Every structure is written in C-alpha cells, then in structure tokens.
Amino acid sequence: QIANTVFQVASEPPLIAVSISKQNLTHQFIQQSKIFTISVLSQQTSMKFIGHFGFKSGRDINKFANINYKTGKTGAPIVLDNTVAYLEAKVLKAFDLGTHTIFVGQVVWGEILTEDEPMTYAYYHSVKHGKAPKTAPTYVKKSKKEGN
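Just so we're on the same page, this note's numbering is the position in the sequence shown counted from 1, plus 345.
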C-alpha cells in the first residue's frame, strides 16, 4: 500500500507514524506483525506504479509480482522500484481513530538508495495531479459544484 500520511514523531529515539485505513490489508499485516516499512518514492514514479500500490488491494492481486523488492531486517518486504530511501520500524503504539489507525514505530533500520528527489504529498497533487483514494485520511469528497 502507498500511505500518504507518514511523519516523524521524534528524533531520539527515531520515531515515525503512519496512518492506515482499517479496510486495507496492510492494516491487518501491521497489526499482526507489529512491523512496517516505508519506501520513499522518487518524483519520477509513474502514476501506474502509484496506482498499483495505492489504489488496488492485496486481497485481489499480488502487489509484489514483477516488482523489485527485498526482505528487510525486520522480515517485512521493502519495495525497491522507484525508491529513494526506506525505513523499517517496529510498532510501539497504535491509536485507533475509527476508520484509521495511526501506528507509531521506532525506526530500527533505514537506507538511502539514490540521490533522486523524493516525492512529497504536495508534489503528488500539484505536479502529478494525483488524487487521494476514498480510504485515505486526506480524502475530501468533492461537492457537486466542484464536479462530483
């Protein structure tokens, strides 16, 4: 899954948080394993690739078929295609927020893979003209005046 909400919580110890919809298979995997990885995508990442991980369910397709990935130190898969850097984290705390859970994890390993520019959420929207899926924490339903 591509998570659009990932942020640093603290630097000592290094903590990050990710917001995941309870409808996503990734939520189940994180809840059971207590680990997660973050692959930081490059600005050159295609919308097809983003759609593959962000708009399709692992219940319906094997997201890792024909994708370059490796198993990290935590045992979790790390997507390498289009990846600038990655982080591996062990869940310290989970916050149930109704439709989503925020998982806070301590970074146990990470690596910078390329010097390419990372894709930010702003870049995804302003340059790629990407949209948030309905299950994303940042999804906003368009009004009829806006075209939906």
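Just so it is clear, CB atoms sit at the ideal spot from N, CA and C, and this is done for glycine as well. Note that the structure is predicted; figures quoted are calculated from it, not measured.
Counting only the same chain and skipping the five closest in sequence on each side, list residues whose C-beta sits under 8 Å from that of Gln451.
Walking along the sequence shown from the start, residue 451 turns up at place 106. Correct list, in chain order: Pro358, Pro359, Leu360, Ala434, Lys435 and Leu437.
**Asked** Ile423 to Gly443, Cα distance in whole Å?
**Response** For the purposes of this step, residue 423 is identified with residue 78 of the sequence shown, where counting begins at 1. For the purposes of this step, residue 443 is identified with residue 98 of the sequence shown, where counting begins at 1. Taking the straight line from one Cα to the other gives about 28 Å.
According to DSSP, simplified to helix, strand and coil, what is Thr371? Walking along the sequence shown from the start, residue 371 turns up at place 26. Helix, per DSSP.
### Task
Use the C-beta contact count for Ile380: other C-beta atoms within 10 angstroms, 16 or more gives buried, fewer gives exposed.
Locating residue 380 in the sequence shown gives position 35, where the first residue counts as 1. By the neighbour-count rule (16 or more Cβ atoms within 10 Å), Ile380 is buried.
Would you check if there are 3 or more beta carbon pairs closer than 8 Å linking the stretch 369-388 to the stretch 448-466? Verdict: yes, contact present.
- request: Going by DSSP, name the residue or residues bridged to Ala421.
  value: Your numbering for residue 421 matches position 76 in the sequence shown. According to DSSP, which records beta bridges pairwise, Ala421 is partnered with nothing at all.
Pull up the distance between the alpha-carbon of Asn413 and that of Phe440, whole angstroms please.
For this step, residue 413 is matched to residue 68 along the sequence shown. For this step, residue 440 is matched to residue 95 along the sequence shown. C-alpha separation (whole angstroms): 32 Å.
* Asked: Which residue from Ile375, Thr416, Thr390 and Asn369 puts its Cα closest to that of Trp454?
  -> On the sequence shown, position 109 is the one that residue 454 refers to. Between Trp454 and the set Ile375, Thr416, Thr390 and Asn369, the nearest pair of CA atoms involves Thr416.
Rounded to a whole number of angstroms, what is the C-alpha to C-alpha distance between Ala355 and Phe448? For the purposes of this step, residue 355 is taken as the residue at position 10 of the sequence shown. For the purposes of this step, residue 448 is taken as the residue at position 103 of the sequence shown. Straight-line Cα distance between these residues: approximately 14 Å.
| query | Comparing alpha-carbon positions, which option in Met392, Leu432 and Gln373 lies nearest Tyr468? | reply | Within the sequence shown, numbered from 1, the residue matching residue 468 stands at position 123. For the residues Met392, Leu432 and Gln373, the minimum Cα distance to Tyr468 belongs to Met392.
With 16 other Cβ atoms within 10 Å as the buried cut-off, status of Tyr484:
Here residue 484 corresponds to residue number 139 of the sequence shown, with the count starting at 1. Note that Tyr484 scores 43 on pLDDT, short of 50, meaning its location in the model is unreliable; the coordinates nonetheless yield the value given after this. Counting Cβ neighbours within 10 Å, Tyr484 comes out exposed, since fewer than 16 surround it.
- Can you grab the Cα-Cα spacing for the pair Val472 / Ile395, in whole Å? Counted from its first residue, the sequence shown places residue 472 at position 127. Counted from its first residue, the sequence shown places residue 395 at position 50. The straight-line gap from Cα to Cα measures roughly 14 Å.
*Within 9 Å, strictly: CB atoms of Ile375 and His445*: To locate residue 375, count along the sequence shown from 1; it is residue 30. To locate residue 445, count along the sequence shown from 1; it is residue 100. For Ile375 and His445, no; Cβs fall outside 9 Å.
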